[in-house]
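To keep things clear, I will list the structure first and then write my remarks on it.
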Amino acid sequence: MSVENYSYLRELAKSGLRSDQRKPFERRNIVLKTKVSNHADGSAYVELGETKVIAGVKVLPGEPYPDRPDEGSLNVNFEASELAANYPADRLIYSVEVGRVTDRAIRESKMIDMKQLCVTPGSKVLFVFIDIYAINNDGNLLDASNVAALAALLDAEYSVEGKEGKMKLPINIDNTPISSTFVKIGDAVFLDGNSLEETVADARLSIGIGKGINSMQKGGVGYFKQEEIETCVDEAFKYKDEIKSMLIEKLKS
Amino acid sequence: MYEERLDKRQFDELRPIELETGVVPNANGSARFKIGGTEAIAAVYGPAEVKPKHLEKSDQGIIICKYDMMPFSVPDRAKPGIDRRDMEISLVISNALSRAIMLEEFPSSMISVYVYITQADAGTRCASLTAASMACADAGLPMRDLIAAVAVGKIGDSIVADLSKAEEDYEGGATDIPIAFLPSKDEIVLLQLDGEVSKDELKKAIELGRKEANKIYELEKAALKRRFTYESKD
Chain U
27 MSVENYSYLR ELAKSGLRSD QRKPFERRNI VLKTKVSNHA DGSAYVELGE
77 TKVIAGVKVL PGEPYPDRPD EGSLNVNFEA SELAANYPAD RLIYSVEVGR
127 VTDRAIRESK MIDMKQLCVT PGSKVLFVFI DIYAINNDGN LLDASNVAAL
177 AALLDAEYSV EGKEGKMKLP INIDNTPISS TFVKIGDAVF LDGNSLEETV
227 ADARLSIGIG KGINSMQKGG VGYFKQEEIE TCVDEAFKYK DEIKSMLIEK
277 LKS
Chain L
12 MYEERLDKRQ FDELRPIELE TGVVPNANGS ARFKIGGTEA IAAVYGPAEV
62 KPKHLEKSDQ GIIICKYDMM PFSVPDRAKP GIDRRDMEIS LVISNALSRA
112 IMLEEFPSSM ISVYVYITQA DAGTRCASLT AASMACADAG LPMRDLIAAV
162 AVGKIGDSIV ADLSKAEEDY EGGATDIPIA FLPSKDEIVL LQLDGEVSKD
212 ELKKAIELGR KEANKIYELE KAALKRRFTY ESKD
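The listed protein sequences correspond, in order, to chains U and L. The numbering used here applies: residue 27 is where the first sequence begins, and numbers increase by one. The numbering used here applies: residue 12 is where the second sequence begins, and numbers increase by one.
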């Protein structure tokens, strides 16, 4: 990015203004499609503004971990694919961070009852693999990945050897964790930063809320004050029901 | 004998096709190509500086290509990342593109082509190459021609077009022949064969490949026209 653009965006932020004319806590429009990949047990395609991701869920049998012999397991993997560009950090490190933050929200919310994913205690459980691929990056891949992962999980229908028919995952919808990510530019804090805003941002804050706050991640080299974090948490709580209703509504039709 | 296809198609009938460009706004060019249950998304970046530097050619540009399958695109979960199969497919795609793109126009520079498979039901390398070619055209790269790629093959004694996975796995045996043309020049820029055919069968297969590639070529041209019409309204 040129020096002029950089200063311009920082100047805008000082007056609480954004490059795409949104209000500070205004999220971009979300487009959601499910059943977008035949061989996935569940899949979803999400657009958050121009940010585009695809997620697929596979439910596969495996051996349980020794310390949890009667529980299934969750594995979330995010790929900052080479289709997209302008990642805010090194592609591989960024992939790991987005994958792990998305994983934590889903895991800690306990939206999936891992005990119900046990087939034979000590020898056979089900692994839930969620793979998320970036197709285009216009910022905030974290929230786009969160919605795509949740939609793919809710969409999933899988079969188990020896049992008839398709099963839905044991999901408690009330616990579904919605992620809200904020960028901080100078003293301004914005929800759902686009790619330009991410490039000039000092810091980033992601909050995953299910019933309570299940995951947080401060990114970037800048800082937040306690009051700013509290404001972000308030905003995130305001948004989670809206996004959750959208998910439920879209998955009905 | 294979007299009726598993999905009731005619021997020379392609599965339903969807084709669109501009699906990755980040990229200089992009395209999505779907044929039956196989879908590829391609993005093109460049021409740009060559990295690593030792690959640079002073008299022409180079193409680097990466083909990858999304883990959920196949019945078993494919491990994320590139395996030997992915590497070979990347190579044959890159070879075909090198003939289509006028690389002499880009000395000392590099064009990067990335193709990801979102769902696979056979014919992924052909779908990838068609998508990649469309992405290059979408990027405005000077090309000798578009590339139209299709898998033809032999099932039982029949020569058929655009095999599905179920046909590739046909118990009576199937031969898979991915083939790609620069249709207006009648040049074959990708050819592989996996199975067993006679000389006559190969001849028939190539001829069927040409006929099918021409159908795809017409769809490619139509998609590009849509793209330009759209942009002129913008």
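We treat Cβ as the ideally placed atom computed from N, Cα and C, and that holds for glycine.
Proximity test, Cβ basis, 8 Å: L/Tyr228 and chain U: No, L/Tyr228 lies away from the interface with chain U (no Cβ there is under 8 Å from its Cβ).
Neighbour flag for U/Glu105 against chain L, beta carbons, 8 Å: Contact with chain L is found for U/Glu105, since one of that chain's Cβ atoms lies less than 8 Å from the residue's Cβ.
Any C-beta of chain U under 8 Å from that of L/Phe9: Because chain L in this structure spans residues 12 to 245, residue 9 of chain L falls outside the shown range and cannot be described.
Interface flag, U/Val83 vs chain L, CB-CB below 8 Å: It does; some Cβ of chain L falls within 8 Å.
Limits of the beta strand (DSSP E) - the one that U/Leu74 falls within: Unbroken beta strand (DSSP E) run through U/Leu74: Gly68 to Leu74.
Stretch-stretch touch, CB-based, cutoff 8 Å, three pairs: the region 75-90 of chain L with the region 42-53 of chain U: The region 75-90 of chain L vs the region 42-53 of chain U: no contact.
Contacts around L/Tyr125, its chain only, beta-carbon distance under 6 Å, and the 5 residues preceding and following it disregarded: So the list reads Ala54 and Lys77, once near-sequence residues are dropped.
Extent of the continuous alpha helix (DSSP H) run through U/Ser172: One detail in the question is off: residue 172 of chain U reads as Asn in this sequence, not Ser. Start and end: Leu167 to Asp181.
Buried versus exposed, by CB contacts within 10 Å (16 or more), L/Lys45: Residue environment analysis places L/Lys45 among the buried positions, since at least 16 neighbouring C-beta atoms fall within 10 angstroms of its C-beta.
Entirely enclosed alpha helix (DSSP H) segments - the region 130-187 of chain L, minimum 4 residues: Counting whole runs of 4 or more residues, the region 130-187 of chain L contains the alpha helix (DSSP H) stretches 135-149 and 176-179.
Residue-level contact to chain A via CB, L/Asp97, 8 Å cutoff: No chain A is part of this structure, whose protein chains are labelled U and L.
Listed by chain order, chain L residues near U/Ser69 by CB distance under 7 Å: Result: Phe83.
For U/Val57: DSSP bridge partner residues: U/Val57 is bridged to U/Glu73.
Under the three-state DSSP convention, the category L/Arg16 falls into: L/Arg16 carries a coil assignment under DSSP once its states are collapsed to helix, strand and coil.
Strand pairing of U/Ser232, partner residues [DSSP]: DSSP lists U/Thr207 and U/Gln243 as partners of U/Ser232.
Any non-hydrogen atom of the ligand NAD closer than 7 Å to U/Asn240 Cβ: What this structure holds is no ligand at all, so the ligand NAD is not there to describe.
Distance between beta carbons of L/Ser175 and L/Leu17, contact taken as under 8 Å: Their Cβ separation, rounded to whole angstroms, is 7 Å, which keeps L/Leu17 and L/Ser175 in contact under 8 Å.
Expected contact under 8 Å - CB spacing of L/Gly151 and L/Gly48 to nearest Å: With 8 Å as the limit, L/Gly151 and L/Gly48 do not qualify as a contact, their Cβ atoms being about 31 Å apart.
Proximal chain U residues relative to L/Tyr56, where beta-carbon distance stays under 9 Å: Neighbours of L/Tyr56 on chain U, chain order: Glu108 and Ala111.
Beta-carbon contacts of U/Glu170 that lie in its chain and below 6 Å, excluding the five residues immediately before and after: Contrary to the premise, residue 170 of chain U reads as Ala rather than Glu in this sequence. Result list for U/Ala170: Val72, Leu74, Thr77 and Val79, in chain order.
Exposed unless 16 or more other CB atoms sit within 10 angstroms - verdict on L/Phe239: In the assembly as shown, L/Phe239 is an exposed residue. Its beta-carbon has fewer than 16 other beta-carbons within 10 Å.
Option in U/Asn112, U/Val83, U/Ala111 and U/Asp93 with minimal Cα separation from U/Leu100: If we check each option's Cα against that of U/Leu100, U/Val83 comes out closest.
Buried/exposed call for U/Gln243, threshold 16 Cβ in 10 Å: Within 10 angstroms of the beta-carbon of U/Gln243 lie 16 or more other beta-carbons, which makes it buried.
Alpha carbon of L/Ser69 to alpha carbon of L/Ile217, nearest angstrom: Each residue's Cα considered, the two are about 36 Å apart.
Helix, strand or coil at L/Ala51 according to DSSP, with G and I counted as helix: If DSSP states are grouped into helix, strand and coil, L/Ala51 belongs with the strands.
Buried versus exposed, by CB contacts within 10 Å (16 or more), U/Leu118: So U/Leu118 ends up on the exposed side.
U/Phe51 at chain L interface by Cβ criterion, 8 Å: Taking a beta-carbon distance threshold of 8 Å, U/Phe51 does not count as an interface residue toward chain L.
First and last residue of the uninterrupted beta strand (DSSP E) at U/Val215: That run of the beta strand (DSSP E) goes Ala214 to Leu217.
Own chain residues within Cβ distance below 6 Å of U/Asp157, not counting five before or after: Sequence-distant Cβ neighbours of U/Asp157 in its own chain, meaning closer than 6 Å and more than five residues away, are Gly82 and Asn103.
Simplified DSSP assignment, three categories, for L/Asp245: For L/Asp245, the predicted structure reports a pLDDT of 48, less than 50, and the residue's modelled location is therefore unreliable. A value from the coordinates is still provided. Coil at L/Asp245, not helix or strand.
Where L/Pro82 sits in the DSSP three-state scheme: Helix at L/Pro82.
Listed by chain order, chain L residues near U/Tyr159 by CB distance under 7 Å: Within chain L, Met81 and Tyr127 have C-beta atoms less than 7 Å from the C-beta of U/Tyr159, given in sequence order.
Touching by the beta-carbon criterion (3+ pairs, under 8 Å), the region 163-182 of chain U and the region 104-114 of chain L: The answer is no - the region 104-114 of chain L does not touch the region 163-182 of chain U, with fewer than three Cβ pairs under 8 Å.
Assigned secondary structure, L/Phe44 (DSSP; H/G/I helix, E/B strand, else coil): For L/Phe44, the secondary structure class from DSSP, reduced to helix, strand or coil, is strand.
Environment of L/Glu14 [buried if 16+ CB atoms lie within 10 Å]: Of the other Cβ atoms in all chains shown, fewer than 16 fall within 10 Å of the Cβ of L/Glu14; this residue is therefore exposed.
C-beta neighbour in chain U for L/Pro86, strict 8 Å: Put simply, the CB of L/Pro86 is near chain U, with a gap under 8 Å to one of its CB atoms.
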